[in-house]
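Below: one structure, written as structure tokens.
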Amino acid sequence: TLNFKQYLNIIIQFCNAYIAFDINHRLIIIGCSNNETHFLYPDPTNESIIIPTVTKTNMFEQLFVVDRVVENNLKQFIEDLSPMNTSSGSMITMALTQALCYINRLIRETLAGEKNSFRILIIQTTNDTSKQYMNFMNAVFTSEKINVPIDGCILNNDSSLLQQACDLTSGIYLRVPDPNGLLQYLLWLYLTDKEVRKMLALPTKVAVDYRPACFCHHKLIDTGYVCSVCLSIYCDNASTCSTCRSAFDITNTSNGANDSSKRQAR
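First residue of the sequence shown? That's 1 in UniProt numbering, and the numbers climb one at a time after it.
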């Protein structure tokens, strides 16, 4: 089992390999905990947060900068964490949203005729929290709309949220079977772009768990009640939709009728 420092070194090595792979590559790193997110690279103290340009003459200097900036900002990030918040999971949705906002900014700044491609890699060590389901899926649909693949590298239990994100955006999902080979998996699967991946022997796709989370208890469900107005999903029958406040006609609902009003969630 690797410790935190070893995991960090592997991720920094992968980031350096990504930058060195092509001088046109740009990189941003966002860290997230259970209650906040933080830009680790580029340096968030720079108000403009401009991604440094890599050239042949400053390539090795830039690699050193990545090491130093990430380690310093991560240290500060950890020191600023609130010990009072012990909730499970992480603010992965907020980090994903920040990444998409930054990508959208770069898309707007792209000159006419210039072609850029963007990708998001999520390295996750925590379990899913169903409370994030709605916001997370909205971010995934946005990523799909702007043609930004989401890759998922899982170091813990399988993530149904990331499975859906990778499947919908044509990304690569992998639960790392051996943490000691993490760097090899990162370099093999996530260093290359979409075109090169077509020529690689990629992992077999797993069956994706597309169960939605109910809006009332934020639990993944197989069957549930769907609001016909806003399509909110509930695990229990209710008189009013908590999302759009529409009133449901349940006067004729009986035990026998419950089955007809309940729909398989797909």
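C-beta: ideal position from N, C-alpha, C; glycine also.
As the structure is a computational prediction, the values presented were derived from the model and not from experiment.
Between the options, which lies nearest to residue i when the distance is taken from Cα to Cα?
i, options, result
"F14", "P44, P42, D43 and V66", "V66"
"H25", "N237, S239, K205 and D193", "D193"
"L162", "Y185, V208 and P203", "V208"
"N34", "I92, N3 and D80", "I92"
"Q210", "D222, N73, C101 and T125", "Strictly speaking, residue 210 in this sequence is Tyr, with Gln absent from that position. It is D222."
"F21", "N237, K198 and L187", "L187"
"L100", "P203, S160 and F136", "F136"
"N156", "I12, T243 and N127", "N127"
From which residue to which residue does the alpha helix (DSSP H) around residue i run?
i, result
"Q124", "First-last for Q124: I120 to Q124, but that is the beta strand (DSSP E), not the alpha helix (DSSP H)."
"L198", "Reading the sequence as shown, one finds Lys at residue 198 and not Leu. That residue, K198, is in no alpha helix (DSSP H); it is neither H nor E in DSSP."
When DSSP labels each residue in this structure, what does residue i get in the three-state scheme?
i, result
"I146", "coil"
"L220", "strand"
"A247", "strand"
"A238", "coil"
"C153", "strand"
"T169", "helix"
"L27", "coil"
"L40", "strand"
"L182", "helix"
"L174", "strand"
"S48", "A caution first: S48 carries a pLDDT of 49, below 50, which makes its placement in the model unreliable, though a value can still be read off. Of the three classes helix, strand and coil, the one that applies to S48 here is coil, per DSSP."
"V226", "strand"
"T1", "coil"
Which residues in the same chain as residue i place their Cβ atom closer than 6 Å to its Cβ, once the five residues preceding and following it in sequence are excluded?
i, result
"V69", "Y41 and D43"
"H218", "S130 and K131"
"A95", "I30, C32 and T37"
"A165", "V140 and I150"
"L81", "S33"
"V206", "none"
"D171", "It is worth fixing the name first, because residue 171 is Gly in this sequence and not Asp. Taken in chain order, the residues that qualify are P149, I150 and D151."
"L182", "I10 and V176"
Tell me which residues share the same chain as residue i and place their Cβ nearer than 7 Å to its Cβ, disregarding the 5 neighbours each side in the sequence.
i, result
"residue 277", "Only positions 1 to 266 of the chain appear in the structure, and residue 277 is not among them; the question remains open."
"L168", "V140 and E144"
"S254", "Because S254 sits at a pLDDT of 49, beneath the cut-off of 50, its placement in the model cannot be relied upon, and the following sentence gives the value as read from the coordinates. Excluding residues within five positions, none has a Cβ falling inside 7 Å."
"Q98", "I30 and T37"
Would you check whether the ligand FMN has a heavy atom nearer than 6 Å to the C-beta of residue i?
i, result
"S246", "Only the bare structure without any ligand can be found here, which leaves the ligand FMN out of the picture."
Can you tell me where the beta strand (DSSP E) with residue i in it begins and where it stops?
i, result
"R108", "Not the beta strand (DSSP E): R108 falls in the alpha helix (DSSP H), residues I92 to E109."
"F215", "Segment: none, F215 is in no beta strand (DSSP E) and carries neither H nor E."
"I12", "Per DSSP, I12 belongs to no beta strand (DSSP E); it is in the alpha helix (DSSP H), F4 to F21."
Please work out which residues of its chain come closer than 8 Å, Cβ to Cβ, to residue i, disregarding the five sequence neighbours upstream and downstream, and give them in chain order.
i, result
"T1", "P179"
Legend entry - Meets three-Cβ-pair contact criterion under 8 Å: the stretch 201-216 and the stretch 230-239: yes
Legend entry - Stretch-stretch touch, CB-based, cutoff 8 Å, three pairs: the stretch 116-132 with the stretch 142-149: yes
Inset, instruction - Kindly confirm or deny that the stretch 181-200 and the stretch 6-21 touch, where touching means at least three C-beta pairs closer than 8 Å. - result: yes
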